[in-house]
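Using the working numbering, the first residue of the sequence shown is number 108, and each one after it goes up by one.
Note sheet for the following structure.
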Amino acid sequence: RAERKRYQNMAGDEKKSGGMMETLTMVMYVIAWYAGNTYYNIYNKKALNLLHAHWTVAFAQLVVGILWCIPLWLTGIRSAPKLNMGDIGKLAPIGLFAACAHGGSVLAMGAGAVSFAQVVKACEPVFAALVGLVIAPVEVKSAIEYLMLLVIVGGVGLACVKEGKGIDINYFAFGWASFANLAAGLKGKLGKDVSHALKADKSKNMSAANSYAVMNILSAIWTLFVVLGTEASSFQDTWTHTLEEAEKACKKDAASAGCFTANDIIFNVVMSGVAFYLYNEFAFAFTAMVGAVTSSVLNTLKRVIIIVATAAIFGEVMDKNAMIGSGIAITGVLLYSLAGQFAKKPESKDKKH
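This is the structure we're talking about:
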């Protein structure tokens, strides 16, 4: 009996230790996710301010991610995914929408304030819900979820209204952020079944980290096509003109924002790429551990941190309507996520009965 009790105590200690380790791992994931996302937005905006070839910047960021994951696979530090051409063919359209979502977000932040782009990006659930109604199989949300979508739209609308001026927005930033939202909605709708099937097949080795790595590679390939069709032919001229203007600014005032070197551009692009890849990988890993609700709550909080941090760093002034509207929209996103989970619970109970 004493021996059995000793083994029970040991098992209990091991369980507590395992639980503490899992909690610590999740905390580390969240810290890395938040830090990476915040630094990405900062370095990304700096890179976009320096070099006006924004699709090229978006492509370079994805290439940095490739240079991170490929060596891990080649050295065996991380087991490589085992996909055939059929699998890649199924994932290719999802990669296209992922590329559009990333590119649209980059161009939105290049066209205007990061804080404004983040507020518009809060409308992503609205686009996802509309896609769910248009593309089969049709997904109808609960009444409370649609009500929360109206709250999100109302918040973003209020953020676009300037006191004494009426509607006053950067239409390029708004348009590209909306484009990114639509692409993200299509990616989620069309990619859900394919991604789940590949993850369920253990022989494919599509862990959360590998799933994101594969999507990053496909996104880079699609973005390269966009770069070749838009900025590639004029990139050399853009680069030369940018450095010439920077040299002139340095001669006038070495402390001015317009004074920088090629190394400054490269540094910000590379660092934004590193931060982008790592924050997404940690976000994927965290979501796989905790599920959608906790992830949605923390994703909402993350957006608040980014808006506050970037507004402070880049001196982006937010008037009263912008602050109130942002708060309403972000709260709407949180309540929408929670309403969706509550709506699913009765369904799962009915299925059991």
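Where is the CB? At the ideal position from N, CA and C, for every residue including glycine.
Computed from a predicted model, the values in this text were never measured in an experiment.
Requested in this report: Please classify F279: is it buried, with 16 or more other beta-carbons within 10 angstroms of its beta-carbon, or exposed?
Outcome: exposed
Query raised in the report: Which ranges would you report for the alpha helix (DSSP H) in the stretch 166 to 233 if only whole runs of at least 4 residues count?
Result: 192 to 218 and 221 to 228
Requested in this report: Locate the alpha helix (DSSP H) running through H348, then write down its first and last residues.
Outcome: F342 to K359
Query raised in the report: Count the other CB atoms within 10 Å of the CB of Q343; is the residue buried (16 or more) or exposed (fewer)?
Result: exposed
Query raised in the report: Given T407, which residues of its chain have a CB within under 7 Å of its CB, disregarding the five upstream and five downstream residues?
Result: I437, V440 and L441
Query raised in the report: With 16 as the cutoff for other CB atoms within 10 Å, does T182 come out buried or exposed?
Result: exposed
Query raised in the report: What is the rounded straight-line gap between the Cα of M127 and the Cα of F389?
Result: 19 Å
Query - L385 (DSSP reduced to helix, strand or coil) - result: helix
Query raised in the report: Taking just the CA atoms, how far does P200 sit from M313?
Result: 17 Å
Query raised in the report: Within 10 angstroms of its Cβ, does M216 collect 16 or more other Cβ (buried), or is it exposed?
Result: buried
Query - The alpha helix (DSSP H) enclosing D300, as first and last residue numbers - result: Y278 to A307
Query raised in the report: Out of curiosity, what's the CA-to-CA distance linking I149 and S379?
Result: 8 Å
**Report entry** Buried/exposed call for K299, threshold 16 Cβ in 10 Å
**Finding:** exposed
Requested in this report: Can you grab the Cα-Cα spacing for the pair N317 / D426, in whole Å?
Outcome: 42 Å
Requested in this report: Using 10 angstroms around the beta-carbon of H460, count the other beta-carbons present and answer buried if the total reaches 16, otherwise exposed.
Outcome: Residue placement at H460 is flagged as unreliable, the pLDDT there being 49, under the threshold of 50; the coordinate-derived value follows with that caveat. Counting Cβ neighbours within 10 Å, H460 comes out exposed, since fewer than 16 surround it.
Query raised in the report: Going by the CB atoms, is the gap between C176 and A320 shorter than 8 Å?
Result: yes
Query raised in the report: Can you tell which of L203, L256, H348 and L293 has the C-alpha that lies nearest to the C-alpha of W329?
Result: L203
Query raised in the report: By DSSP, does G461 sit in helix, in strand, or in coil?
Result: Residue 461 lies beyond the residue range present for the chain, which begins at 108 and ends at 460; the question has no answer from this structure.
**Report entry** Inter-residue CB distance, Y386 and G172 (contact presumed, cutoff 8 Å)
**Finding:** Not really, about 11 Å apart at Cβ, beyond 8 Å.
Query raised in the report: In terms of residues, what are the limits of the alpha helix (DSSP H) holding I242?
Result: Premise fails: I242 is in no alpha helix (DSSP H) and is neither H nor E.
Report task. Check the DSSP bridge columns for K269 and list the partner residues they point to. Result -> G273
Query - Chain-order list of residues whose beta-carbon lies under 6 Å from that of E246 (same chain, five-residue window excluded) - result: G239
Query raised in the report: When the distance is taken between beta carbons, is C230 closer than 8 Å to I259?
Result: yes
Query raised in the report: Is DSSP giving G432 helix, strand or coil here?
Result: helix
Query - Chain-order list of residues whose beta-carbon lies under 7 Å from that of L331 (same chain, five-residue window excluded) - result: F166
Query raised in the report: What are the boundary residues of the alpha helix (DSSP H) that L335 is part of?
Result: A315 to T337
**Report entry** Beta-carbon gap between A315 and A392 smaller than 8 Å
**Finding:** yes
Report task. Return helix, strand or coil for S249, following the three-state DSSP convention. Result -> coil
Query raised in the report: By the 10 Å Cβ neighbour count, where 16 or more other Cβ atoms means buried, how is S212 classified, buried or exposed?
Result: buried
Query raised in the report: Which whole-angstrom value describes the C-beta separation of K197 and K311, a residue pair presumed to lie in contact below a C-beta threshold of 8 Å?
Result: That pair is no contact at about 11 Å.
Query raised in the report: Do three or more CB pairs link the stretch 220 to 237 to the stretch 285 to 295 at distances below 8 Å?
Result: yes
Query raised in the report: Leaving out the 5 sequence neighbours to the left and right, which residues in its chain are closer than 8 Å to T349 when beta-carbon positions are compared?
Result: L157, L158, H159 and I372
Query raised in the report: Roughly how many angstroms lie between the CA atoms of E129 and M135, to the nearest whole one?
Result: 10 Å
Query raised in the report: Once you ignore the five residues that flank I251 on each side, which residues in its own chain have a CB closer than 6 Å to its CB?
Result: A446
Query raised in the report: How big is the Cα-Cα spacing for Y443 and V334?
Result: 36 Å
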